[in-house]
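Some notes on the structure that comes next.
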Amino acid sequence: MNSRQDYENLPFTHIYVEKRVQTHPRTREILTHFPNAQIVAIDHYKDVFNRRGQDAPLQHRFQSLILARKEDHFFYEGAPVCQDFGNTNFYYCSTMMNCLFDCSYCYLKGMYPSGHMVIFVNLEDYFSELDAFLAHKSMYLCVSYDADLLAMEPLVGYAKLWSDYATLHENLKLEIRTKSARLAMWEELPCLSNVIYAFTLSPQKMIDACERGTPSAKARIACALAGLEKKFPVRLCFDPMLYLPTWREDYGELLSELDAAFAGHDLTMQQLTDVSVGTFRISQDYMKKLRRALPTASAVQFPYVNVGGVYQYPPRLLKEMEEYLIEELAKRIDKEKIYHE
Ligand code: SF4
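To convert, note that position 65 of the sequence shown is 149 in our numbering; the numbers rise steadily by one, no gaps.
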């Protein structure tokens, strides 16, 4: 499997630690996983992460870790390009910045000046701000947008901490999105109706072309279905759909793989919480940086059209791709459970 599941070989040979979190219990716990790393004390994560002139894609290949404290802006309102799945009070938060995986089209490369990964260790401050919010309102919160929390779970355990928090707050609904495929997660995490595990699926050809370091389509499907079998709420995200000349055959193959896997587990797609469909889209500002950083990545250099500040596929192609997949999915799951942009 082409995934970074051997956590002994993680790339974090250098770990920058803000002086103010050096004694934080979560810092100490994370550092136990890296007995051979070179630890560098810093004043503020921005001194490393926000330096000018960094080569983020190159850094990603030799990723360092930065342990820091988040000071403010713990929660952000969901962006219009993101799917709210019919929920009100849609927010997301970043407890990590950057990802263990390395998808060429990832908006994080357009958003952050660095390829290194930041982990904010003060999760308790997120929780206390959330306590105040939830005292008055419900929230739909995506906690795995600017990173892949489950890919980091053996090192950081944030999905478990978020789940434990959700156990105590019925008016909080969490989405944990991932491309990981670690079966052990289903033994470690509580099964809650208000925590949805959202697996992003892509055809294997697209994974090979654009999603470096991620588990195979087969492994992701197997993991999602193992969770569903144990009654965890599972969402499948066909988002982003990316164009390859063979996209129709590729998605057809992915659907056949899914059909076989569901049948093999004696499950049906109706048992999913829902599914989402969305072709690739990205804000013009992120795209500008992404194109500069990755001049040879076909998923980035495609002649997208700019619609109101968002780059997307030309309308006819976009419609064709999304309609194809929605029609196919509608043969397998109620239309009300299919969300799309
Ligand atoms: S898994 Fe998601 S967050 Fe991670 S690199 Fe790929 S697109 Fe970006």
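A virtual CB, placed ideally from N, CA and C, is assigned to each residue, including glycine.
Please read these numbers as outputs of a predicted model, since none were measured by experiment.
Looking at C-alpha atoms only, which residue of Leu342, Pro317, His128 and Cys187 is the closest neighbour of glutamate 259? Pro317
For glutamate 272 and aspartate 369, what's the separation of their Cα atoms in angstroms? 39 Å
Could you tell me the distance, in whole angstroms, from the CA atom of lysine 289 to the CA atom of arginine 375? C-alpha separation (whole angstroms): 22 Å.
Contained beta strand (DSSP E) runs [length at least 3] in the region 124 to 164, N- to C-terminal order: 149 to 152
Cβ of cysteine 183 versus every heavy atom of the ligand SF4: is any distance shorter than 7 Å? At a threshold of 7 Å, cysteine 183 counts as near the ligand SF4, since its beta carbon sits closer than that to one of the ligand's heavy atoms.
Taking only heavy atoms of the ligand SF4 into account, decide whether any of them is closer than 7 Å to the Cβ of glutamate 259. no
Nearer than 7 Å: is that true of the beta carbon of glutamate 295 relative to any heavy atom of the ligand SF4? yes
Anyone know if the C-beta pair for proline 197 and glutamine 138 falls short of 8 Å? Contact check for proline 197 against glutamine 138 passes: the beta carbons are separated by less than 8 Å.
Starting from leucine 433, follow the beta strand (DSSP E) in both directions and report where the run begins and ends. In the structure as shown, the chain begins at 85 and stops at 425. Residue 433 is therefore absent and cannot be evaluated.
Nearest neighbour of tryptophan 331, chosen from Ser286, Ser300 and Val101 [CA to CA]: Ser286
Closer than 7 Å to a non-hydrogen atom of the ligand SF4 - does that hold for the CB of alanine 231? yes
With H, G and I counted as helix, E and B as strand and the rest as coil, what does DSSP make of aspartate 292? helix
With DSSP as the reference, label glutamate 425 as helix, strand or coil. coil
By alpha-carbon positions, which one of Leu378, Asn171, Ser367 and Lys373 ends up nearest to tyrosine 397? Ser367
Which residues bound the beta strand (DSSP E) around lysine 257? That run of the beta strand (DSSP E) goes 256 to 262.
Do the region 142 to 157 and the region 105 to 115 meet, that is, are 3 or more Cβ pairs less than 8 Å apart? yes
Buried or exposed by the 16-neighbour rule on C-beta atoms within 10 Å, applied to glutamate 237: By the neighbour-count rule (16 or more Cβ atoms within 10 Å), glutamate 237 is buried.
Given a threshold of 16 other Cβ atoms within 10 Å of its Cβ, counted over all protein chains shown, does lysine 419 qualify as buried or as exposed? exposed
Would you report the Cα separation of tyrosine 327 and tyrosine 189, rounded to the nearest angstrom? Straight-line Cα distance between these residues: approximately 12 Å.
Leaving out the 5 sequence neighbours to the left and right, which residues in its chain are closer than 6 Å to glutamine 167 when beta-carbon positions are compared? Ser360 and Tyr423
Between the region 329 to 343 and the region 210 to 227, are three or more C-beta pairs nearer than 8 Å? no
Measure the C-alpha to C-alpha separation of asparagine 173 and asparagine 120 and round it to an integer number of angstroms. 43 Å
Check this for me: beta carbons of methionine 371 and glycine 194, under 8 Å apart or not? yes
Strictly by DSSP, which residues pair up with isoleucine 114? Paired residue(s): none; isoleucine 114 is not in a bridge.
Sequence-distant residues of its chain with Cβ nearer than 8 Å to asparagine 134 (five each side left out): Pro197 and Ser198
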